[in-house]
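Numbering-wise, the sequence shown is residues -20 to -1, 1 to 344 according to mature numbering (1 follows the signal peptide of the UniProt record, and there is no 0). A virtual CB, placed ideally from N, CA and C, is assigned to each residue, including glycine. For clarity, every value in this text was computed on a predicted model and none was experimentally measured. Structure record follows, encoded as structure tokens.
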Amino acid sequence: MRASFLTASLLLGASLTGTAAPLNLAGANYVNYGNATVYSAPINQYLYNLANGGNVKPGDNPFNIGSTPGAIKDQLVIYTGAGGVDVTTNAAGFDDAYQPPNGKTDPYASIGEDIGVINPGNKAGIANNSNRTWDANLNDLKGFLNGGGAAFMFNNNDTNKDQSLAIWARIWITEADGDVYNGRYLYVDNRDITDDPTYPAKFYGQPPAPNQAAADAYNPGAYTPGVYAGGRTDYIMAGGKTCLDNFGVPKVCANGDTKFDHNLGADHVAYIATFSTLDSYLNSLFSLDSTALSGYTLHVDVRLGCAAAWAGNCDQVQIDNGYEQLFLVSLNNPPPPGVPEPSSLALMGLGLLGLGYTVRRRRA
């Protein structure tokens, strides 16, 4: 069972990395996938080190985020291959964790379709709870976040030979009567009106105040991933190596280059995703009294790997190892010691532009 909300909502840097410096995403650039703002943990770890003299120990780097069972047991675990009730059992008001495939037992796992996952079943005390989503009572979520923003942490755990993994996710809030709040679904996806999988992700490099307008405005309505010419579509790609030149611009990896590996296993976070629209919704709803707020529910649907409808076109996208992990934390953002100067923040933006470009090339 989870510890108290006060414990769970500690500054993220202190609670997950063992350092007094909290994770601060302000000024760090990102890749936009649908409504999500996605940060590369390994690239930002490298750039944070450069911006702070080059001798920052891993344990003092806020982007070096551990995710062992002991590190995440006080967080909200949505999806994990780890064992033990401390990790798989969430507190009252939150569904327990879904469990993904163990090893190469299934190339595809979907919470929304109840395929390739061990379903924990519905938890009492959650309105409009579904056995095809991970669900959270908003009154309990308010206590957990304790004034912080919602941040989703993801571990990529594929094999080194085939690191890439297709991912699609949808989140939404329902009201007490079951209606979708504001009629909006929020996505982690890679989609445009032609439903063409070669469409590039939208990425930005404008530190220190990045533009969220495109992510907030994205609204494809209610949909589930489709099939394009017998292959993948709508999904983004995770994993793989990225190389940057001395200016933070992406390049073909050569011998001697620094490679940013995103297949970090189950014990370190590879990606951090936030949703400014979700935070706006939550901030508005959290003004309700506890009785009314308990009628609202957050729903999460995550799909990984290679779906059967792709007709065997699974190279570089299927689940090869299993044990991927997704958990939700409370993100507070006070400025940490040694905040990078604007020039360093610009380099950080270029580095994440590189990540977006690499993902785009891989999808082409």
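{"query": "In whole angstroms, what is the alpha-carbon distance linking Gly297 and Arg150?", "result": "Here residue 297 turns out to be Val, not Gly, going by the sequence shown. Val297 and Arg150: Cα-Cα distance of roughly 19 Å."}
{"query": "At 3 residues or longer, what runs of the beta strand (DSSP E) sit wholly inside the segment 9 to 40?", "result": "10 to 13 and 16 to 20"}
{"query": "Restricting to runs no shorter than 4 residues, where is the alpha helix (DSSP H) found entirely within the segment 113 to 174?", "result": "118 to 125"}
{"query": "If Leu118 sits next to Leu265, beta carbons under 8 Å apart, how far is it from one beta carbon to the other, in whole angstroms?", "result": "6 Å"}
{"query": "Pair every Cβ in the segment 119 to 127 with every Cβ in the segment 263 to 280, then say whether three or more of these pairs are closer than 8 Å.", "result": "yes"}
{"query": "Using DSSP with H/G/I as helix, E/B as strand and the rest coil, what is Val249?", "result": "coil"}
{"query": "So the candidates are Cys294, Tyr59 and Thr69; which of them puts its Cα closest to the Cα of Gln79?", "result": "Tyr59"}
{"query": "Output the boundary residues of the alpha helix (DSSP H) element that contains Thr68.", "result": "Val65 to Thr68"}
{"query": "Taking the alpha carbon of Ile23 as the reference point, which residue from His242, Glu304, Thr271 and Thr69 has its own alpha carbon closest?", "result": "His242"}
{"query": "Count the other CB atoms within 10 Å of the CB of Asp169; is the residue buried (16 or more) or exposed (fewer)?", "result": "buried"}
{"query": "Within 10 Å of its beta-carbon, does Gly236 have 16 or more other beta-carbons around it, so buried, or fewer, so exposed?", "result": "exposed"}
{"query": "Across which residues does DSSP place Ile216 in a beta bridge pair?", "result": "Ile147"}
{"query": "State yes or no: is the C-beta of Asn15 within less than 8 Å of the C-beta of Tyr203?", "result": "no"}
{"query": "Excluding the five sequence neighbours on either side, which residues of its own chain have a C-beta within less than 6 Å of the C-beta of Lys53, listed in chain order?", "result": "Asp66 and Val67"}
{"query": "Would you report the Cα separation of Asn4 and Thr257, rounded to the nearest angstrom?", "result": "19 Å"}
{"query": "From Ile91 to Gly33, what distance separates their C-alpha atoms?", "result": "43 Å"}
{"query": "With distances taken Cα to Cα, identify the nearest neighbour of Trp290 among Asn12, Pro87 and Tyr26.", "result": "Pro87"}
{"query": "For Phe240, which residues of its own chain have a beta-carbon under 6 Å away from its beta-carbon, when the five flanking residues on both sides are left out?", "result": "Pro22, Ile23 and Thr222"}
{"query": "List the DSSP bridge partners of Ile297.", "result": "Contrary to the premise, residue 297 reads as Val rather than Ile in this sequence. None; Val297 has no bridge partner."}
{"query": "Let me confirm a value: Asn136 is counted as buried when at least 16 other C-beta atoms fall within 10 Å, else exposed. Which label applies?", "result": "buried"}
{"query": "What number of angstroms, rounded off, separates the C-alpha of Val160 from the C-alpha of Gly64?", "result": "34 Å"}
{"query": "Which whole-angstrom value describes the C-beta separation of Tyr215 and Ala146, a residue pair presumed to lie in contact below a C-beta threshold of 8 Å?", "result": "4 Å"}
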